[in-house]
Amino acid sequence: MGGYPRRGQTARGPSKSRGGTRVPPTYKDGGMAAGPQARGVPSRQDPLPSLIGHTATWALLRRLIERKKLPAAVLLSGPPGVGKRTLALAIAGKLFDVSREDAIAAHPDFLQLVPLEDTAMRDRLVGLLSHVHARPLRGDVRVILIEDVDRLSPSAAALLLKAIEDAPQYAKFLLTASIPDRVVSTVRSRSLTRTLMPVPEQELSDALHARGIEHPEELARLSGGRPGLALRMAVDAELLQRYRLWSAAFTDADGSASSLVDDDTEQAQEFFVFLESQLRRGTPSAALVRRTREAEAMLRQHVPPNFVVEYVLKR
């Protein structure tokens, strides 16, 4: 499977559960790269890196925390890899008054969950939310990070809504979503919502260069201004090559990218996120923009991914 692999299940403290095995948490979404280390890419032992971009949003959230005005729930939305998880961890670190990623993950009052598309998701959410009303073990705040809430089932979303409505003053929910319109409207209305936009390419390139990462300009361009994706490509040669091929196919605009997606819906969805980022760099035709929007609906209707890609790219 390409694009963005499924993470975890329910996690509390320094590790996540995968098939009964406890493993260290990894970032997928901005700031820190999952997988092998590369020159300039922080390790778990490094201080939590500064955010790349999103300066105004972080400044607002930091002020709310300092003034003890942060609402019960914060919803961060934006494309995969743009920095939602990194910003959520920065919020948690500010609330806990710690700055190291491993210290945040190991904090006894830090709970996290990544939705999975299976029947056990509701049970995992119930288990997580059962800890919300427990008094903080250290300090005066308990942080609950729930990622990809746009993938929650209606029943799970209803549980989350009730938990937010009934949350004690010391509980803070940090939520992320790639497609905010798919988040239940009542959850959105009870959350402080901020959309994270792609970082300007030059700003991202400069940040990558400062970390000693090779090919910063290419990574900034191919990632479409998404720091997390750029950092992953810096350590994943296969992922980088895939985006290079996509870029070449997009430039040719002859439909050849359909052979690069295979029969993989998740990879096709990621391709269209990439395509939209490239469209923003130029002046695309109205027809191409329309076909790109139509592609998302076609994928939801289970049209074969390679057919959808070919439909969008053919002149």
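According to the numbering used here, the stretch in the sequence shown is residues 1021 to 1335, in order.
Using N, Cα and C, we set each Cβ at its ideal position, and we do this for glycine too.
Could you tell me the distance, in whole angstroms, from the CA atom of residue i to the CA atom of residue j?
i, j, result
"residue 1124", "residue 1258", "31 Å"
"residue 1154", "residue 1164", "12 Å"
"residue 1142", "residue 1176", "5 Å"
"residue 1088", "residue 1225", "35 Å"
"residue 1179", "residue 1213", "19 Å"
"residue 1120", "residue 1264", "34 Å"
"residue 1338", "residue 1183", "Lying before the first or after the last residue shown, residue 1338 is absent from the chain, which here runs from 1021 to 1335."
"residue 1254", "residue 1227", "13 Å"
"residue 1129", "residue 1190", "10 Å"
"residue 1100", "residue 1222", "20 Å"
"residue 1157", "residue 1126", "12 Å"
"residue 1053", "residue 1188", "The predicted model places residue 1053 with a pLDDT of 32, which falls under 50 and marks its position as unreliable; any figure quoted below should be read in that light. Rounded to the nearest angstrom, the two C-alpha atoms are 34 Å apart."
"residue 1239", "residue 1297", "13 Å"
Using the beta-carbon count (16 or more within 10 Å), is residue i buried or exposed?
i, result
"residue 1104", "buried"
"residue 1232", "exposed"
"residue 1109", "buried"
"residue 1185", "exposed"
"residue 1083", "exposed"
"residue 1146", "exposed"
"residue 1220", "exposed"
"residue 1290", "buried"
"residue 1261", "exposed"
"residue 1112", "buried"
"residue 1230", "exposed"
Contact check, residue i vs residue j under 8 Å by CB: the rounded distance?
i, j, result
"residue 1294", "residue 1245", "Not confirmed; about 11 Å, so no contact."
"residue 1170", "residue 1200", "7 Å"
"residue 1071", "residue 1115", "Actually they are not in contact, since the Cβ atoms of residue 1071 and residue 1115 sit about 16 Å apart, beyond 8 Å."
"residue 1216", "residue 1102", "5 Å"
| Hey, which unbroken runs of the beta strand (DSSP E) at 3 residues or more fall wholly within the stretch 1075 to 1145? | Runs of the beta strand (DSSP E) inside the stretch 1075 to 1145: 1093 to 1097, 1130 to 1133.
| task | May I ask you to verify whether the stretch 1074 to 1083 touches the stretch 1187 to 1203, counting CB pairs closer than 8 Å and requiring at least 3? | result | No contact exists between the stretch 1074 to 1083 and the stretch 1187 to 1203.
| Segment contact, 8 Å Cβ cut-off, at least three pairs: the stretch 1083 to 1103 with the stretch 1198 to 1214 | A contact exists between the stretch 1083 to 1103 and the stretch 1198 to 1214.
| Which runs of the alpha helix (DSSP H) spanning at least 4 residues fall entirely within the stretch 1214 to 1272, listed in chain order? | Runs of the alpha helix (DSSP H) spanning 4 or more residues and lying entirely within the stretch 1214 to 1272 occur at 1221 to 1230, 1236 to 1243, 1247 to 1255, 1257 to 1272, in chain order.
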